[in-house]
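Residue numbers (full-length UniProt numbering): 1 to 527. Each residue gets a CB set at the ideal place from its N, CA and C atoms; glycine is no exception. Remember, predicted model here, so these are calculated numbers, not experimental data.
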């Protein structure tokens with residue numbers, strides 16, 4: 001390779017090294033600008049609770065800032081890394097070149113001077129101290145690259161998993177993902193139609209912050225401007241704040257909104273109408289068939305209380321006709337009212353759980369409340385109560401004893417069946433009915449177990465339990481045992497020391513009985 005070609009290669013490597021440094025510096029400037037502008041905008045927007053227009057302006061600001069950083073930090077500097085600029089950098093870093101490199105670059109462009117080879121050789125001798133990596137050291141490249149990567153990593157972390165408002169704001173500015181608002185104000189009931197001269201409670205719930213105060217701004221139909229009024233701060237344990245205000249005796253339509261700190265709600269309207277009123281409510285309870293109870297009617301009643309499964313037929317008398325009357329449950333279910341003759345309307349509610357309901361009408365496609373809440377109290381259908389009073393738990397008896405088993409049962413809706421069940425040594429179960437009169441709300445019965453007729457021997461077992469059934473469910477007692485033992489036990493010192501065979505047999509029989517009890521009880525529990 002000629003000296004001229006070698007010097008040209010040196011200048012090219014010098015230019016490439018400088019260009020890499022400029023690229024990395026520009027990338028670091030670009031990512032640092034993105035991070036710094038994002039953090040600054042998040043801090044600013046957080047003061048105003050991230051309004052939609054503010055977020056849009058923030059995105060535009062980021063775009064402009066990055067465009068400026070890209071142009072002045074990357075594009076223009078990279079374009080400026082020419083051979084002449086690289087030669088100037090080398091001359092400045094190595095005064096010993098004494099403009100030789102500059103002269104060579106100028107002469108190369110002008111002509112094919114035969115003295116260029118000599119100039120190139122002389123210049124190469126002075127470039128040993130100005131290698132490309134000495135102008136842009138590796139540690140500088142690593143520092144610039146590391147700074148750019150660090151800024152990018154921090155920015156991505158903020159967007160993906162940043163804490164609090166920093167993460168939320170960064171994600172809003174960069175990704176526009178559909179996340180729940182960090183700060184929000186929810187106003188209820190919103191747009192609603194109410195009765196003229198009635199009271200209406202307005203509630204504002206703020207999440208994400210707890211402003212010192214909240215104001216409701218109202219604009220009545222007959223007024224010319226907005227009237228501000230302070231809302232009452234209510235205790236809120238959900239990490240936010242709740243405020244309330246009551247419009248008392250609303251005479252006309254009113255538009256309103258709520259401002260709490262930097263948050264401002266949507267505008268809502270309360271439409272005031274002359275609405276029908278409830279004159280009377282009559283409720284007829286149709287109880288489940290299994291209870292055997294006849295229908296019961298309650299006059300001048302609105303609250304409902306009955307056993308689950310009861311059908312409550314509601315008859316409502318209004319002072320004027322309804323357009324589209326409904327019974328509205330607290331779970332949102334709406335039951336259409338039938339009738340209308342003489343302003344009499346009918347509907348029914350099946351009681352399944354506690355709750356509430358109110359009367360409403362539909363006006364212009366919107367529900368209009370006509371009454372306060374009426375409560376629904378549902379009583380659970382409990383199974384019968386039953387117990388074995390005698391002998392009361394496990395009992396030890398002789399083989400010829402007559403054991404009386406007494407059973408007591410009761411049920412609110414009447415007993416359909418009461419039975420005693422017993423089994424000898426786990427054999428077939430025998431049933432004995434103890435209910436004297438079907439439908440009785442209580443029963444006391446007993447049955448005698450003639451152990452002698454069962455031909456039992458010591459160690460045998462009779463298992464006993466009782467059941468009671470009404471029209472809805474069945475209940476049973478725990479299982480108990482009558483254990484047969486010898487007439488009497490005689491022990492002497494001689495038997496204890498010399499009669500080990502007999503004692504061992506007795507212990508074995510007791511162990512067999514115990515295991516038999518456990519087996520019978522386990523089988524019974526699986527039934």
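Kindly indicate which residue of the options has the alpha-carbon position closest to the one of residue i.
i	options	result
residue 430	272, 420 and 217	420
residue 67	334, 33, 85 and 53	33
residue 398	377, 436, 455 and 439	455
residue 461	424, 37 and 308	424
residue 250	277, 198, 385 and 257	198
residue 359	323, 383 and 381	323
residue 148	48, 58, 183 and 31	31
residue 432	136, 382, 467 and 457	467
residue 476	141, 327 and 386	386
residue 212	191, 176, 259 and 227	259
residue 329	234, 275, 376 and 286	376
residue 365	308, 208, 484 and 191	191
residue 155	442, 37, 302 and 459	37
residue 315	336, 177 and 69	336
residue 379	233, 11, 306 and 411	306
residue 528	342, 325 and 341	One cannot answer for residue 528 here, as it falls past the ends of the chain, which runs 1 to 527.
Residue range of the alpha helix (DSSP H) that residue i falls in?
i	result
residue 448	Segment 442-450 is the beta strand (DSSP E) holding residue 448; no alpha helix (DSSP H) there.
residue 228	No alpha helix (DSSP H) contains residue 228, which is instead part of the beta strand (DSSP E) from 227-230.
residue 53	52-70
residue 324	Careful: residue 324 lies outside any alpha helix (DSSP H) and carries neither H nor E.
residue 138	138-161
Kindly indicate which three-state DSSP category residue i falls into: helix, strand or coil?
i	result
residue 457	coil
residue 420	strand
residue 19	helix
residue 177	coil
residue 81	coil
residue 266	coil
residue 293	coil
residue 485	coil
residue 415	coil
residue 438	coil
residue 395	strand
residue 183	coil
residue 350	strand
residue 471	coil
Applying the 10 Å Cβ sphere with the 16-neighbour rule, what's the burial state of residue i?
i	result
residue 448	exposed
residue 300	exposed
residue 89	buried
residue 320	exposed
residue 408	buried
residue 196	exposed
residue 295	exposed
residue 369	buried
residue 530	The chain is shown only over 1 to 527; residue 530 falls outside these bounds and no answer can be derived.
residue 205	buried
residue 9	exposed
residue 12	exposed
Tell me where the beta strand (DSSP E) around residue i begins and ends.
i	result
residue 284	278-286
residue 318	311-318
residue 386	385-390
residue 214	214-220
residue 333	Where residue 333 is concerned, there is no enclosing beta strand (DSSP E), given that its DSSP letter is neither H nor E.
residue 406	402-410
residue 257	254-260
residue 49	First-last for residue 49: undefined, no H or E at that position.
residue 358	355-363
Looking only at its chain, what residues have a beta carbon closer than 8 Å to the beta carbon of residue i, apart from the 5 residues adjacent to it on each side?
i	result
residue 145	24, 27 and 28
residue 161	167
residue 390	404, 405, 406 and 446
residue 478	465
For residue i, which residues from the same chain have a beta carbon less than 7 Å from its beta carbon, with the 5 sequence-adjacent residues on both sides left out?
i	result
residue 252	220, 221, 222 and 272
residue 267	255 and 257
residue 264	257
residue 355	329, 330, 331 and 376
residue 18	81, 86, 89, 135 and 136
residue 15	81, 83 and 86
residue 48	54 and 262
residue 452	399 and 400
residue 274	196
With a CB to CB cut of under 6 Å and the five nearest residues on each side skipped, what residues in its chain are close to residue i?
i	result
residue 203	188 and 244
residue 210	241
residue 284	295, 297 and 313
residue 291	413
residue 485	396 and 458
residue 481	394, 461, 463 and 517
residue 338	346
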